[in-house]
């Protein structure tokens with residue numbers, strides 16, 4: 228699996244994931260579980276939607292890691 232999520236994109240995904248989870252906890256809703264998706268894609272460094280649309284935010288030297 229080739230990485231297609233860059234370092235800046237990872238930071239944004241972590242932040243959004245935490246915000247979504249916090250909102251789910253605040254509103255006591257299961258929708259907060261969706262916050263795990265951006266966190267998981269940031270951890271793995273791969274986003275399936277990016278592959279479908281041909282987007283790649285990862286620099287060449289980051290792909291090798």
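Numbering (our numbering), first residue to last: 228 to 292. Where is the CB? At the ideal position from N, CA and C, for every residue including glycine.
Cβ pair residue 246, residue 272 closer than 9 angstroms: By one-based count along the chain shown, residue 246 stands at place 19. By one-based count along the chain shown, residue 272 stands at place 45. Inclusion of residue 246 and residue 272 in the CB contact set at 9 angstroms is not warranted, their separation being larger than that value.
Delimiting residues of the alpha helix (DSSP H) encompassing residue 293: Look at the range of the chain in this structure, 228 to 292, and you will see that residue 293 is not part of it.
Distance CB(residue 293)-CB(residue 233) smaller than 9 angstroms: The first residue shown for the chain is 228 and the last is 292, placing residue 293 beyond what the model contains.
Supposed close pair residue 259, residue 250 - CB separation, criterion 8 angstroms: As a first step, residue 259 is located in the chain shown; it is residue number 32 there, counting from the start. As a first step, residue 250 is located in the chain shown; it is residue number 23 there, counting from the start. Between residue 259 and residue 250, the beta carbon gap of about 6 angstroms places them in contact (Cβ cut-off 8 angstroms).
Backbone CA spacing between residue 293 and residue 267 [nearest angstrom]: Within the shown structure, residues of the chain are numbered from 228 to 292, placing residue 293 beyond reach of any answer.
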